[in-house]
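*Asks:* This structure is in structure tokens; I'll ask about it shortly.
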Amino acid sequence: TGTTAAKFLSIGIGPRTNAMGAAYTSVANDASAMYWNPAGIASLKKTQALFTYTKMFADINLNYFGLVIPVGDYGNLGVNITAINYGKMEVTTEMHPDGIGETFSAGSYAFGLSYARYITENFIVGVNFKYIREDISSSSAQGFAFDIGTIFTTPFYGVKFATSIANYGTKMQMTGDDLIV
181 TGTTAAKFLS
191 IGIGPRTNAM
201 GAAYTSVAND
211 ASAMYWNPAG
221 IASLKKTQAL
231 FTYTKMFADI
241 NLNYFGLVIP
251 VGDYGNLGVN
261 ITAINYGKME
271 VTTEMHPDGI
281 GETFSAGSYA
291 FGLSYARYIT
301 ENFIVGVNFK
311 YIREDISSSS
321 AQGFAFDIGT
331 IFTTPFYGVK
341 FATSIANYGT
351 KMQMTGDDLI
361 V
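To convert a position in the sequence shown, counted from 1, into this note's numbering, add 180.
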């Protein structure tokens, strides 16, 4: 129990990728690559920005912003923000299960910094470092994580091999006044 934190990071980013069933690790080639495989941003030749807004069920909204800037022979840098807003919720108690007339909100956020570059003509490596925060009412949890990815283009008809390790980081634990009983 309680071994998974920041579960919002497993919600797919981008309509193209979701339409492909999230099979995007080897073809990641736009600003959303910072989410799927950070190595993919190395293939961008120009500055690129991406913003997605996903309206989900029960007033939940998922937003993603990514900006990639090429820095010449040094590779490419990127910044990204993933934010989910769970909307307003009614405060209830044992004595007032229909609410007490007050509301609270919850949200989850990840702020990332990415770097990727070609190691050889056919091999790319990328990394994404991120700060993660989750809030609900007056309680919160925070932590750090990183993603690392590679893409290798074979000489056989453009076949690519890719790897991506995502969201590997510190433990997160909720703290705050709402937990004092």
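For glycine and all other residues, C-beta sits at the position ideal for the given N, C-alpha and C.
Assign Gln228 to buried or exposed, taking buried as 16 or more other Cβ atoms, counted over all protein chains shown, within 10 Å of its Cβ.
*Replies:* Locating residue 228 in the sequence shown gives position 48, counting from the first residue. The residue in question, Gln228, is buried, as its Cβ has 16 or more Cβ neighbours within 10 Å.
*Asks:* Output yes or no for whether 8 Å exceeds the beta carbon distance between Gly192 and Ala208.
*Replies:* Position 12 of the sequence shown holds residue 192. Position 28 of the sequence shown holds residue 208. Cβ distance not < 8 Å, so Gly192 and Ala208 don't count as in contact.
*Asks:* Given that a residue counts as buried once 16 or more other Cβ atoms are within 10 Å of its Cβ, and exposed if not, what is Met275?
*Replies:* As a first step, residue 275 is located in the sequence shown; it is residue number 95 there, counting from the start. Exposed is the call here.
*Asks:* Give me, in chain order, the residues of the same chain whose beta-carbon lies closer than 7 Å to that of Lys235; leave out the 5 immediate sequence neighbours on both sides.
*Replies:* Here residue 235 refers to the residue found at position 55 when the sequence shown is read from its first residue. For Lys235, where only same-chain residues beyond five positions count, the Cβ hits under 7 Å are Asn241.
*Asks:* Between the segment 301–310 and the segment 318–327, can you find at least three pairs of beta-carbon atoms closer than 8 Å?
*Replies:* A contact exists between the segment 318–327 and the segment 301–310.
*Asks:* Just list the alpha helix (DSSP H) runs in the segment 215–241, keeping only unbroken ones of 4 residues or longer that don't cross its boundaries, in chain order.
*Replies:* Correct list: empty.
*Asks:* Starting from Ala199, follow the alpha helix (DSSP H) in both directions and report where the run begins and ends.
*Replies:* Numbered from 1 along the sequence shown, position 19 holds the residue referred to as residue 199. Looking at the DSSP string, the run of the alpha helix (DSSP H) that includes Ala199 is Pro195 to Ala199.
*Asks:* Once the 5 residues before and after Lys225 are set aside, which same chain residues still bring their CB inside 8 Å of it?
*Replies:* Translated into positions along the sequence shown, residue 225 becomes position 45. Excluding sequence neighbours, Lys225 sits near Pro250.
*Asks:* Would you mind reading off the limits of the beta strand (DSSP E) that contains Glu373?
*Replies:* Past the edges of the chain, shown from 181 to 361, lies residue 373, and the structure says nothing about it.
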